[in-house]
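K.L.:
Just dropping this structure here.
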Amino acid sequence: MEWMNQLFEQYGYLVLFLGLFSESLALPFPGELAMAISGHMSSFGDFHIPFIIFYSYVGAIIGTTVTFFVGYRLGTPFLEQYGKYVFLNQARLAKVKEWFGKYGNKLILISYFVPGLRHFTGYVSGVLKIRPRTFFILNYIGGLVWVLVYVMIGKIFGPNIEELLHVATRYFALSMVILAVVVAALFWFKKKRSTAKGRL
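Residue numbers (the working numbering): 42 to 241.
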């Protein structure tokens, strides 16, 4: 955590904006840790919560917007050739596509909370030609919730940040996946019942 504190001392809120932007492009940066540390530092008057949320959120959603249009415009061939530079190899690309096939667009809403998924959601959503409006609504809502959760973890729990981040990421991600499965099942059941009524 010491190196992160030094970055904040030198560059302030810019660390959040550029860091969350970079992470959204699938470049290595510990976004949750940065938000939590800045949330904790707000207790000492060094940072202010509204600005932490603003810079983190804007950095994250600009990054995912860029990756969505990269996938949308350039498609699978581009990512298969150049995706390795952002750790999106062919196997990982196929895996994320499989998740979308299984859970649908609702995966976008919870993707920020799933390690190994949020970094590639924009690229794959674009490749799959998901409607831009649908992507933006789900992605921007999910991004805001994600930022609020981790900033407040830092604000409330302070010194125990790293341990709490591990627990929060592990169990929150699991609960979100379960929720997505339940919602998908309910949607499928409702659609099936509507189809059955239409046949009567």
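Glycine is no exception: its CB is placed at the ideal position from the N, C-alpha and C atoms. Nothing here was measured: the structure is a model prediction, and the numbers come from that model.
Kindly indicate the opening and closing residues of the alpha helix (DSSP H) around Gly142.
P.N.:
131-144
K.L.:
Could you give the DSSP three-state label for Arg159: helix, strand or coil?
P.N.:
Correct three-state label for Arg159: coil.
K.L.:
Closest by CA to Gln51, which one among Ser65, Phe88, Tyr98?
P.N.:
Phe88
K.L.:
Kindly confirm or deny that the stretch 138-150 and the stretch 55-66 touch, where touching means at least three C-beta pairs closer than 8 angstroms.
P.N.:
Not touching, per the Cβ criterion.
K.L.:
Can you tell which of Phe92, Phe176, Gly104 has its C-alpha closest to the C-alpha of Phe70?
P.N.:
Gly104
K.L.:
For Gly183, I'd like the list of residues in its chain whose CB is within less than 7 angstroms of its CB, leaving aside the five on either flank, ordered along the chain.
P.N.:
Ile149, Leu150, Ile151, Ser152, Tyr153
K.L.:
For chain D, find out if any of its Cβ atoms is closer than 8 angstroms to the Cβ of Thr175; answer yes or no.
P.N.:
In the structure shown, chain D does not exist; there is a single protein chain.
K.L.:
For Leu189 and Phe85, I'd like the C-alpha separation in whole angstroms.
P.N.:
Cα-Cα distance, rounded: 19 angstroms.
K.L.:
Let me make sure I understand the geometry here. Which of Val186, Asn46, Gly53, Phe161 has the alpha-carbon closest to that of Val111?
P.N.:
Phe161
K.L.:
Could you have a look at Lys147 and say whether DSSP puts it in helix, strand or coil?
P.N.:
Secondary structure of Lys147 (DSSP, three-state): helix.
K.L.:
Mind listing, in chain order, the continuous alpha helix (DSSP H) runs of no fewer than 4 residues lying wholly within the stretch 60-114?
P.N.:
72-82
K.L.:
According to DSSP, simplified to helix, strand and coil, what is Phe49?
P.N.:
helix
K.L.:
Considering only the alpha carbon of each residue, which of Tyr96, His81, Gly80, Met82 lies closest to Gly60?
P.N.:
Tyr96
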